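Okay, so here's the structure we're looking at.
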């Protein structure tokens with residue numbers, strides 16, 4: 039079981055929230071919650087935001103390494119291990135590796151990530167939807183952002199800012215990898 043799912047399980051135990059109640063509060067299926075808590079499925083970013091909200095904690099609570107209230111400096115040589123988020127009951131969005139750039143910052147309201155996008159292996163990719171806003175800046179490669187019914191292709195140096203309550207999907211636009219800076223704001 040990974041650290042994120044361990045923290046979810048601990049919060050549920052500490053607050054006395056059952057898997058069924060967590061499913062009801064999040065709108066996720068009981069099967070999905072059971073798989074997440076068992077460590078059989080890594081939650082999608084969207085699911086993780088819903089779980090955080092249902093448990094009354096910040097999204098960053100699941101990603102925090104330590105409590106640091108001052109500035110947090112991240113050196114490129116010290117990047118933490120990537121967190122890979124899945125999508126719903128599959129690993130459809132495991133083409134994205136997230137490196138938290140603020141995991142040691144306590145009390146934050148934004149989640150900045152360095153995100154490595156891998157080309158699709160032909161598997162299905164599932165859109166995401168959650169409360170908040172997102173900002174993406176393309177560092178290298180080209181990126182396809184599906185937002186509602188619109189498609190945007192972004193190149194190195196391009197950026198996009200959107201309300202993340204609208205269904206959205208971020209993936210490479212070609213068969214080459216891409217890297218983006220992503221900042222997620224969740225109003226909690």
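Numbering (this note's numbering), first residue to last: 39 to 226.
Beta carbons: idealized from backbone N, C-alpha and C, even for Gly.
Given the structure is predicted, the values throughout are model-derived calculations rather than measurements.
Cβ distance (whole Å) where residue i is taken to contact residue j below 8 Å
i           : j           : result
residue 137 : residue 152 : 4 Å
residue 215 : residue 179 : 6 Å
residue 181 : residue 218 : 6 Å
Euclidean distance between Cα positions of residue i and residue j
i           : j           : result
residue 200 : residue 173 : 7 Å
residue 61  : residue 93  : 11 Å
residue 225 : residue 135 : 23 Å
residue 53  : residue 74  : 17 Å
residue 129 : residue 98  : Low confidence applies to residue 129: its pLDDT is 48, below 50, so where it sits in the model is not reliable enough to give any reading.
residue 221 : residue 148 : 7 Å
First and last residue of the uninterrupted beta strand (DSSP E) at residue i
i           : result
residue 153 : 148-155
residue 218 : 216-223
residue 136 : 134-138
Delimiting residues of the alpha helix (DSSP H) encompassing residue i
i          : result
residue 49 : 41-53
residue 56 : Looking at the DSSP string, residue 56 is not in any alpha helix (DSSP H), and its letter there is neither H nor E.
residue 38 : The displayed coordinates of the chain run from 39 to 226. Any statement about residue 38 would go beyond what the structure contains.
Helix, strand or coil at residue i [DSSP, three-state]
i           : result
residue 64  : helix
residue 171 : strand
residue 211 : coil
residue 182 : strand
residue 197 : strand
residue 114 : helix
Proximal residues to residue i (C-beta, below 6 Å), its chain only, five neighbours per side dropped
i           : result
residue 210 : 155, 157 and 216
residue 63  : 92
Cβ-heavy atom distance, residue i to the ligand COA, below 6 Å
i           : result
residue 181 : Looking at this structure, you won't find the ligand COA or any other ligand, since it has none at all.
Cut-off 8 Å between Cβ atoms - residues of its own chain near residue i, not counting five sequence neighbours on either side
i           : result
residue 166 : 82, 83, 84, 125, 131, 202, 205, 206 and 207
residue 50  : 56, 57, 60, 75 and 93
Close beta carbons around residue i, own chain, < 7 Å, minus the five adjacent residues each side
i          : result
residue 78 : none
residue 47 : 75
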